[in-house]
Amino acid sequence: MRLRIALAEKGIEYEYKDEDLWNKSPLLLQINPVHKKIPVLIHNGKPAYDSLIAVQYIDEVWNDKAPFLPFDSYLTAQG
Ligand SMILES: N[C@@H](CCC(=O)N[C@@H](CS)C(=O)NCC(=O)O)C(=O)O
Numbered sequence: 001m002r003l004r005i006a007l008a009e010k011g012i013e014y015e016y017k018d019e020d021l022w023n024k025s026p027l028l029l030q031i032n033p034v035h036k037k038i039p040v041l042i043h044n045g046k047p048a049y050d051s052l053i054a055v056q057y058i059d060e061v062w063n064d065k066a067p068f069l070p071f072d073s074y075l076t077a078q079g
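With UniProt numbering, letter number 8 in the sequence shown gets 8, and the count goes up by one each step, no holes.
Following this line, the structure appears as C-alpha cells:
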C-alpha cells in the first residue's frame, strides 16, 4: 500500500502485478533474489526494494511534484 499511495500522490501511471507469496514468481526471485519479498518497484528495468527506500526513490526521481520528505538531511534522518 505504501508504494501505491506514493505513486498515486505523484500521479504516476504504473503496471501492478499481484504476487502469490506461497508460490513466488520467477520475476520476484530474479529482481529480489536475496530477500524475495514484496513490494519491489521496477523503474527503467532496475528494482528498488524495501518500501521506505522505494518511496524515497519515487520522491527523488519525480521531484517536480510536492516532496514527501523534508530536504534537510538531519530532519530526514529523524524520520
Ligand atoms: N521492510 C520491508 C518488508 C517487506 C515484507 O516483509 N514483505 C512481505 C509482504 S508485506 C513479504 O514479502 N513476505 C514474504 C516473505 O517474507 O517471504 C518493506 O517495507 O518493504
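We treat Cβ as the ideally placed atom computed from N, Cα and C, and that holds for glycine.
| task | Whole angstroms is fine: what's the gap from Val61's alpha carbon to Gln30's? | result | In the sequence shown, the residue the question calls residue 61 occupies position 61. In the sequence shown, the residue the question calls residue 30 occupies position 30. So the alpha carbons of these two residues sit roughly 24 angstroms apart.
| task | Go through the residues and name those whose CB comes closer than 5 angstroms to any heavy atom of ligand 1, in chain order. | result | Leu21, Lys37, Ile38, Asp50 and Ser51
| task | May I have the straight-line CA-CA distance separating His35 from Ile42, to the nearest angstrom? | result | Position 35 of the sequence shown, counted from the start, is the residue given in the question as residue 35. Position 42 of the sequence shown, counted from the start, is the residue given in the question as residue 42. Going from the Cα of His35 to the Cα of Ile42 covers about 16 angstroms.
| task | Quick one: grab the DSSP three-state call for Ala48. | result | If you number the sequence shown from 1, residue 48 lands on position 48. Correct three-state label for Ala48: strand.
| message | If you measure between the beta carbons of Ala8 and Val55, is that distance less than 8 angstroms? | response | Here residue 8 refers to the residue found at position 8 of the sequence shown. Here residue 55 refers to the residue found at position 55 of the sequence shown. Cβ atoms of Ala8 and Val55: not closer than 8 angstroms.
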